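Going down the list, the sequences are from chains A and B.
Counting from 1, one number per residue, gives the positions in the first sequence under our numbering.
Counting from 1001, one number per residue, gives the positions in the second sequence under our numbering.
Think of the CB as a built atom: it goes at the ideal place given N, C-alpha and C, for glycine as much as any other residue.
Just so we're clear, the structure is a prediction, and the values are computed from it rather than from any experiment.
Here the structure is laid out as structure tokens; the discussion comes afterwards.
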Amino acid sequence: MTGEILQRMAQSIIDGDSDAAVALARESIAGNMDPLEAISKGFVAGVNTVGEAFGRGEAFLPELVMAGEAMKAAVALLDPELKKRGAQRQILGRVVIGTVEGDIHEIGKSLVATMLGASGFEVHDLGVDAPGDKLIGKALEVNADILAMSALLTTTMVRQREVIEELEKEGLRNRIKVMVGGAPVTRDWVATIRADGYSEDAIGAVALARKLMGSG
Amino acid sequence: MSSRVQSISNPKLKLQILSDEDIRSIHEATLRIIEQVGVKFPSPRALQVWADAGAEVDFERMVVKARGELIESALKRCPPAYSLAARDPQQDLPLDGNHVYLGTDGCGVEVIDIASGQRRTSRLQDVRDIARVGDAMEQIAFHWVPVSAQDAPAGTRGLHEIKAIWENSTKHVQTESIYSVHEARAAIEMAAMIAGGQRALRERPVLSLMQCTASPLGHDGGSLEAALLAAEAGLPTGFMTMAACLTTGPATLAGNLVVGNAEVIAGTALLQIAYPGAPVFYAAAQTASDLRTGAYTGGGPEDFLFGGATNALSDFYNIPLSMGSFATGAKEPNWQAGIENGLSTFMASASMADMLLGAGFLHGSRIWSYAEMMMDCEIFSIVQKMMQGIVVDQETLALEAIAAVGSSGNFLTQKHTRRHMREIFTSEFMDRRPYTEWEAKKDGAEDWALSKARRILAEHRPVPIEGKLSDEFDRIIGSVQVMA
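Laid out in structure tokens, this is it:
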């Protein structure tokens, strides 16, 4: 029975079916299954399959994102179960992400957040128009490893520098890695503000986050 | 001495991408979306205008739902034609549906340095230099702020940018980098000084504003308020949708048109409700996102189709269109740049978009390249020639010359040839030399284009503005800094 439900869990991710993933998560809880096994042998197996198909050019971004959303939905139910059992899901790192203050552009930021979540990071998405102190506050609250900031305008991009300067001022810069992104971000800008890196797309962002955590 | 401006006019080619029925369907679908799903207007002022006009306004979520009749009656007040004015009246641009004008693209963040060839961060001096080169090119009819003056303070950057362009060119300036109330107010004041007063500015708007929407179905608050100020002052204003299939728009092109159309006509209706008769334009640069990465592509069959289709919509609403064309995603002036810029420009021109944006960029409107600017201008000239079509009349049928040459000999010495030979296109950058000559030198379009740009930058002297105007502009910008 275990093998069969694990297979269905993987399939729900491959299908990008959040409802099915949630139902299966509930089923596994009701059946007293090990939540860690459900995640790592069931749902993550599905994520890996989609990831491999993507790498071969057979699956595309929407399928990756839907798989990520389904994964997120399942994990939302299984994380509390893990806590109850005093266990913890292995995560690659904790990320706080947002679009900077004064900027309402979100698609790139949301894509990165979803992809990071699907890749095994714990992601706290603060949405758009996020003031620096809110970003830093959340990073402290959840003990974040990475702070990721997006901006679409050169005039709001300057906020990325301000946040880094604030982190430095509060002596937090060594604890928290900073990734930046958005159309106007360039290698020059990253060097100028002494961020830890950037990527032009969500796929690269995951690779960068992995690298920053030393697991890339 | 200012140069004449080239445009595409009296087209002999016609392109129809959407049938009348298709356009009607898109329009009806758009009205249904505006009425049932709503469009986000994150500006208290805009929300109040909508509420006062009888629309259903959710002040909490900042979403407006408006009935079709309200939208349609507002749009009827749009003036169908007007001119963009220039410092030099000879360079005024009538947006009358019979002209296609090319502008520089914007707003990039890096420049391929014209001297060193190195890629570096953009600055205010680049805005001046690009304006000066654009001033000399007859294919460039108006300016956008081409690159961000990243060495100027963020709060007044947009003002430094338009000042820089006005000081280096007599042509019309359209800014896409002013999206705050405090900057819009100052920009209007500066424009009025150039025109000779607020009333004169209405008659001859030397500045126009373009604002980006926030897809899907949304707007930016500062942009809305800047647009309302511009409309009040009589400056032509437009909202540009960049809805992208897959990410910020549906995967199907028609659906993407609906989303973009809803953003644009809702924003345009807002301006008409607040200021009936304000000069407005439709603006669009819709595309399809990359299937693998979701990234902005800057070209592809979808772009080309949108380029040809959008004018059908703006014609339906009877307002001028600003169409994103050129703006290749290529990293250098290569095959990709040629295809993307050639096809997109052809499609937008063949459907008679009034304003084409725009020349000069690589990597999806991010990296300014002077060489690409020159080559884009030539693409425009090629398309312009194509749009002149084939004239068939007694003179062009050339019967006398054909009879004179007969069945041997050639046409080189015919008087008819001499009369018409200059109508044949001469390319500046296509390589038509013998193969061996190319083999010996291995140079080409990019080299010649860069040389041309360097020459222009070194030699061209635009007509300057009065010294005291520059000082006044500095004063205005300085006073804004104090307030912001």
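Should residue i and residue j be called a contact, given that it needs their Cβ atoms to be closer than 8 Å?
{"i": "L1271 of chain B", "j": "L1313 of chain B", "result": "no"}
{"i": "L135 of chain A", "j": "R1292 of chain B", "result": "no"}
{"i": "A144 of chain A", "j": "V96 of chain A", "result": "yes"}
{"i": "A195 of chain A", "j": "L111 of chain A", "result": "no"}
{"i": "E1176 of chain B", "j": "G1218 of chain B", "result": "no"}
{"i": "D1096 of chain B", "j": "A1085 of chain B", "result": "no"}
{"i": "A1226 of chain B", "j": "H1460 of chain B", "result": "no"}
{"i": "H1182 of chain B", "j": "L1124 of chain B", "result": "no"}
{"i": "A1233 of chain B", "j": "L1201 of chain B", "result": "yes"}
{"i": "V960 of chain B", "j": "V1057 of chain B", "result": "Since the first residue of chain B shown is 1001 and the last is 1484, residue 960 of chain B is not available in this structure."}
{"i": "M179 of chain A", "j": "A205 of chain A", "result": "yes"}
{"i": "V47 of chain A", "j": "I91 of chain A", "result": "no"}
{"i": "L153 of chain A", "j": "P184 of chain A", "result": "yes"}
{"i": "A1283 of chain B", "j": "F1326 of chain B", "result": "no"}
{"i": "V1133 of chain B", "j": "S1122 of chain B", "result": "no"}
{"i": "A1330 of chain B", "j": "L1356 of chain B", "result": "no"}
{"i": "A1266 of chain B", "j": "I1026 of chain B", "result": "no"}
{"i": "D129 of chain A", "j": "E166 of chain A", "result": "no"}
Using a Cβ cut-off of 8 Å (strictly closer), state whether residue i contacts chain A.
{"i": "A1214 of chain B", "result": "yes"}
{"i": "S1369 of chain B", "result": "no"}
{"i": "R1128 of chain B", "result": "no"}
{"i": "A1154 of chain B", "result": "yes"}
{"i": "D1220 of chain B", "result": "yes"}
{"i": "R1204 of chain B", "result": "no"}
{"i": "R1120 of chain B", "result": "yes"}
{"i": "R1045 of chain B", "result": "no"}
{"i": "A1484 of chain B", "result": "Here the model assigns A1484 of chain B a pLDDT of 45, short of 50, so the residue's position is not dependable, and the following value carries that caveat. No, A1484 of chain B lies away from the interface with chain A (no Cβ there is under 8 Å from its Cβ)."}
{"i": "R1366 of chain B", "result": "yes"}
Between residue i and chain B, is any beta-carbon pair separated by less than 8 Å?
{"i": "T114 of chain A", "result": "no"}
{"i": "P131 of chain A", "result": "no"}
{"i": "V123 of chain A", "result": "no"}
{"i": "P184 of chain A", "result": "yes"}
{"i": "L126 of chain A", "result": "no"}
{"i": "L111 of chain A", "result": "yes"}
{"i": "D34 of chain A", "result": "no"}
{"i": "D79 of chain A", "result": "no"}
{"i": "I14 of chain A", "result": "no"}
{"i": "I104 of chain A", "result": "yes"}
{"i": "I107 of chain A", "result": "yes"}
{"i": "D221 of chain A", "result": "The structure shown does not extend to residue 221 of chain A, since chain A spans only 1 to 216, so no value can be given for it."}
Strictly by DSSP, which residues pair up with residue i?
{"i": "M149 of chain A", "result": "A:G98, A:V180"}
{"i": "Y1101 of chain B", "result": "B:M1355"}
{"i": "R1120 of chain B", "result": "B:V1111"}
{"i": "I1367 of chain B", "result": "B:E1110, B:L1362"}
{"i": "I1057 of chain B", "result": "Looking at the sequence shown, residue 1057 of chain B is not Ile but Val. Paired residues: B:V1064."}
{"i": "A1283 of chain B", "result": "B:M1240, B:S1322"}
{"i": "C1377 of chain B", "result": "Its beta-bridge partners do not exist; DSSP assigns none."}
{"i": "P1080 of chain B", "result": "DSSP output for P1080 of chain B lists no bridge partner at all."}
{"i": "Y198 of chain A", "result": "A:V180"}
Sorry if obvious, but does the Cβ on residue i come closer than 7 Å to a heavy atom of the ligand ZN?
{"i": "M1373 of chain B", "result": "The ligand ZN is absent from the structure shown, which contains no ligands of any kind."}
Report all residues from its chain with a CB closer than 7 Å to the CB of residue i; omit the five preceding and five following residues, and keep chain order.
{"i": "A1449 of chain B", "result": "A1371, M1374, M1375, F1429"}
{"i": "D1113 of chain B", "result": "R1120"}
{"i": "S1427 of chain B", "result": "E1378"}
{"i": "E1332 of chain B", "result": "L1362"}
Below 6 Å CB to CB, which residues in the same chain sit around residue i once its five sequence neighbours on both sides are set aside?
{"i": "D1290 of chain B", "result": "T1297"}
{"i": "K1163 of chain B", "result": "F1473"}
{"i": "A1484 of chain B", "result": "Caution is warranted here: a pLDDT of 45 is assigned to A1484 of chain B, below 50, making its placement in the model unreliable, and the coordinate value is therefore given only provisionally. So the list reads G1155, H1182, once near-sequence residues are dropped."}
{"i": "M1001 of chain B", "result": "Residue placement at M1001 of chain B is flagged as unreliable, the pLDDT there being 48, under the threshold of 50; the coordinate-derived value follows with that caveat. Contacts found: none."}
{"i": "G1255 of chain B", "result": "none"}
Excluding sequence positions up to five away, which residues of its chain have a Cβ less than 8 Å from the Cβ of residue i?
{"i": "A21 of chain A", "result": "M9, S12, I13, F43, A70, M71, A73, A74"}
{"i": "L1047 of chain B", "result": "F1041, V1057, F1059, M1062, V1064"}
Return no unless some Cβ of chain C is closer than 8 Å to the Cβ of residue i.
{"i": "R1157 of chain B", "result": "The chain inventory of the structure shown lacks chain C, comprising the protein chains A and B."}
Query - Near-chain A residues of the segment 1095-1116 of chain B (beta-carbon distance less than 8 Å), N- to C-terminal order - result: C1107, V1109, E1110
Query raised in the report: Between the segment 196-213 of chain A and chain B, which residues of the former have a C-beta closer than 9 Å to a C-beta of the latter?
Result: E200, D201, A202, I203, G204
Report task. Taking a Cβ distance cut-off of 9 Å, strictly less, list which residues of the segment 1432-1449 of chain B are near chain A, in chain order. Result -> none
Report task. Select from the segment 1274-1303 of chain B all residues with a C-beta closer than 9 Å to any C-beta belonging to chain A, and list them in chain order. Result -> S1289, D1290, L1291, R1292, T1293, G1294, A1295, Y1296
Query raised in the report: Which residues, in order along the segment 1241-1257 of chain B, keep a beta-carbon less than 9 Å from a beta-carbon of chain A?
Result: A1244, L1246, T1247, T1248, A1251
Query raised in the report: Quick one, which residues of the segment 59-73 of chain A are near chain B if we go by CB-CB under 8 Å, in chain order?
Result: F60, L61, P62
Requested in this report: Closer than 7 Å, Cβ to Cβ, to anything on chain B: give me those residues from the segment 141-165 of chain A, in chain order.
Outcome: T154, T155, V158
Requested in this report: Report the residues of the segment 1138-1149 of chain B with a CB closer than 8 Å to any CB of chain A, ordered along the chain.
Outcome: S1148
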